[in-house]
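Engineer:
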């Protein structure tokens, strides 16, 4: 059932007339603990509409940062449930470096849990969100720019191999 719901959502979000909305929703969802990558959606919309480069980057950054803030809130609320985990080295590392660790919120696999742990540790909210936004913005700019330099022929060959 969950697979069909995800397939339906991705089909709806793939509609070209809702490109920026799709990027926002996918970026928001992918920043939560749901395993979904937003870079393909960001790249696809920019590739189809190069004039929207900065708009798409901004929308993706806002959506992904808002998702990170949701993770932060989840961590804030979950503090009592995971009190025994406080002894791990992750918590000592986060406590030592504080909100600046949110610059790593863009990292696949560990970025979203870092946002949750930041909330759990009650790191300052606005500095944490600001560092999240900086890290996520730099990721989107870097990834999209690199993908745009890949020749179209490569994408066509990949599409033929997959299709």
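In the UniProt record's numbering, the protein residues as written are 1 to 163.
Built from N, CA and C at the ideal position, the CB exists for glycine as well.
(1) What is the residue span of the alpha helix (DSSP H) that residue 30 lies within?
(2) Using a 10 Å radius around the Cβ and a threshold of 16 neighbouring Cβ atoms, would you call residue 158 buried or exposed?
(3) Between the segment 108 to 127 and the segment 48 to 57, do at least 3 Cβ pairs fall closer than 8 Å?
(4) Do you know offhand how far residue 20's Cα is from residue 65's?
(5) Below 8 Å between beta carbons: does that hold for residue 36 and residue 26?
(6) Please state the DSSP three-state secondary structure of residue 62.
(7) Could you check whether residue 132 and residue 161 sit closer than 8 Å to each other, using their CB atoms as the reference points?
(8) Less than 8 Å between the CB atoms is what I'm expecting for residue 69 and residue 23, so what's the real figure, rounded?
(9) Within the same chain, show all residues whose beta-carbon is closer than 7 Å to that of residue 134, passing over the 5 residues directly before and after it, in chain order.
(10) Distance check for residue 153 and residue 125, CA to CA, integer angstroms please.
(11) Run through DSSP, which three-state label would residue 163 get?
(12) Exposed or buried, which one is residue 4 when buried takes at least 16 other CB atoms within 10 Å?
(13) In the DSSP assignment, find the unbroken alpha helix (DSSP H) run with residue 128 in it and report its ends.
(14) Where do the ends of the alpha helix (DSSP H) carrying residue 113 lie?
Structural biologist: Judging by the given coordinates:
(1) Within the chain shown, residue 30 is the residue found at index 30, counting from 1. Residue 30 -> alpha helix (DSSP H) spans 19 to 31.
(2) For this step, residue 158 is matched to residue 158 along the chain shown. When all chains shown are included, residue 158 counts as exposed.
(3) no
(4) Position 20 of the chain shown, counted from the start, is the residue given in the question as residue 20. Position 65 of the chain shown, counted from the start, is the residue given in the question as residue 65. Distance between the alpha carbons of residue 20 and residue 65 is about 16 Å.
(5) Residue 36 sits at position 36 when you count from the first residue of the chain shown. Residue 26 sits at position 26 when you count from the first residue of the chain shown. Yes, they are a contact pair.
(6) The residue labelled residue 62 in the question sits at position 62 within the chain shown. Correct three-state label for residue 62: helix.
(7) As a position in the chain shown, residue 161 is number 161, starting the count at 1. As a position in the chain shown, residue 132 is number 132, starting the count at 1. Contact: no.
(8) Translated into positions along the chain shown, residue 69 becomes position 69. Translated into positions along the chain shown, residue 23 becomes position 23. About 18 Å separates the two Cβ atoms, so there is no contact after all.
(9) Locating residue 134 in the chain shown gives position 134, counting from the first residue. Result list for residue 134: 103, in chain order.
(10) As a first step, residue 125 must be located in the chain shown, where it is residue number 125. As a first step, residue 153 must be located in the chain shown, where it is residue number 153. Going by the C-alpha atoms only, they are around 45 Å apart.
(11) For the purposes of this step, residue 163 is taken as the residue at position 163 of the chain shown. In this structure, residue 163 counts as coil in the three-state DSSP scheme.
(12) The sequence position of residue 4 within the chain shown is 4, counting from 1. Exposed: under 16 other Cβ atoms inside 10 Å.
(13) As a working note, residue 128 is residue 128 in the chain shown. Note, residue 128: alpha helix (DSSP H), 125 to 148.
(14) By one-based count along the chain shown, residue 113 stands at place 113. Counting along the chain, the alpha helix (DSSP H) containing residue 113 begins and ends at 111 to 120.
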